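Asks: Just passing along the structure, written as structure tokens.
Below you can see the structure in the form of structure tokens.
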């Protein structure tokens, strides 16, 4: 298996890219950029500074937050025109965007006694509908699920996932766990990467808040680092990177299909392109950067590709049949070629 370069887009990506239809949205030092997945051409760019993108696309609008430039924003996916802003403070993760409301929370990440909050805003004009103060915990991200706004929290002893009525903020159900990576939904269920007393888990949650299963990914260690990422789904499996392992998990049972261990930690979501699971590892604590990309057989977990680039690698994205690698100074798309 070899990689054939299709296109480059040179800029400094920041945050988590969002892929929707034929467009990839990425944060950068000069705002949000919308790129064509076909050739990398820039469709538009917002006039903002230092946007570490944490967002989601709903209909024809990109809703996003940025820890570097505190606030909540919405922009047209067609033109990039910013149609609304809300000064909520430093957001701790992506917003939960429901039919009529946007729910988001703060992460002041400080020890000065600052109280965090979760707010519900009108989707139409970002006017505040409700607000809840949160003591000793911070918002780590949200998602819309089954008509509810699902919000994740972390820090100290207040770790849990909450389903809130997006119109009132009322809590309808909770699940224990410190959300360590973006929540995902797939085929009618919610999936949450969490850290708890036993270690790092992937939790499957049904629409009524009941836990279908908890899959232990990594037992608790003495490391101060928590390397996890959001799962990626393909057919009836979830693929998940945690610490130095890649897991394939059966969605019905939560049992391991395969797992493989590498010599480097990983905290980016896998990308499924072709018959391979692609992951960019991260640098070791004593290293300045990582420049590698791994490719694993989707059925067996056997590592079949290990390639090194000149620039540091941050993420891998599936753009249909094309694999994109997010680097420190560019985004590069590759087609896959089988060696004969």
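Residue numbers (UniProt numbering): 1 to 340. By construction, the Cβ of each residue, glycine as well, lies at the ideal position given by its N, Cα and C atoms. All values derive from a computational prediction rather than experimental measurement.
#1: Please report the straight-line C-alpha distance between residue 166 and residue 5, rounded to a whole angstrom.
#2: Could you say which of 39, 32, 42 and 36 lies nearest to residue 49 if we only look at CA atoms?
#3: Give the secondary structure of residue 341 by DSSP, where H, G and I count as helix, E and B as strand, and everything else as coil.
#4: How long is the line joining the alpha carbons of residue 199 and residue 65, rounded to whole angstroms?
#5: Exposed or buried, which one is residue 93 when buried takes at least 16 other CB atoms within 10 Å?
#6: Let me check understanding here. Comparing Cα to Cα, which of 76, 72, 7 and 1 lies closest to residue 25?
#7: Is the CB-CB distance between residue 234 and residue 205 below 8 Å?
#8: Which residue's Cα is closest to the Cα of residue 367: 269, 210, 102 and 96?
#9: Does DSSP put residue 47 in a helix, a strand or coil?
#10: In the DSSP output, which residue or residues are listed as bridge partners for residue 201?
#11: Report the option in 202, 187 and 98 whose CA atom is closest to the CA atom of residue 161.
#12: Can you give the beta carbon distance from residue 262 to residue 294, rounded, assuming they're within the 8 Å contact cut?
#13: Taking 8 Å as the threshold (C-beta atoms), are residue 85 and residue 105 in contact?
#14: In three-state terms, what does DSSP make of residue 1?
#15: Given 8 Å as the limit, is there contact between the region 7–14 and the region 304–312, that is, 3 or more CB pairs closer than that?
#16: Might you give, ordered along the chain, the residues of its own chain that have their beta carbon closer than 7 Å to the beta carbon of residue 215, omitting 5 neighbours on each side?
#17: Alpha carbon to alpha carbon, how far is residue 331 from residue 27?
#18: Compute the Euclidean distance between the alpha carbons of residue 17 and residue 30, then round it to the nearest angstrom.
#19: Report all residues from its chain with a CB closer than 8 Å to the CB of residue 80; omit the five preceding and five following residues, and keep chain order.
#20: If you reduce the DSSP assignment to three classes, tell me which class residue 87 lands in.
#21: Put residue 30 into one of helix, strand or coil per three-state DSSP.
#22: CB-CB under 8 Å to residue 22, same chain, minus the five flanking residues each way: which ones, in chain order?
#23: Could you name the residues of the same chain whose beta carbon sits closer than 8 Å to that of residue 61, not counting the 5 residues immediately before and after it, in chain order?
Replies: Put simply:
#1: 44 Å
#2: 32
#3: Nothing can be reported for residue 341: it is not among the residues displayed for the chain, which extend from 1 to 340.
#4: 29 Å
#5: buried
#6: 76
#7: no
#8: Within the shown structure, residues of the chain are numbered from 1 to 340, placing residue 367 beyond reach of any answer.
#9: coil
#10: 194 and 216
#11: 202
#12: 7 Å
#13: no
#14: coil
#15: no
#16: 201, 202, 249 and 254
#17: 12 Å
#18: 15 Å
#19: 32, 34, 43, 44, 45 and 46
#20: coil
#21: coil
#22: 36, 37 and 38
#23: 74, 75, 76, 77 and 83
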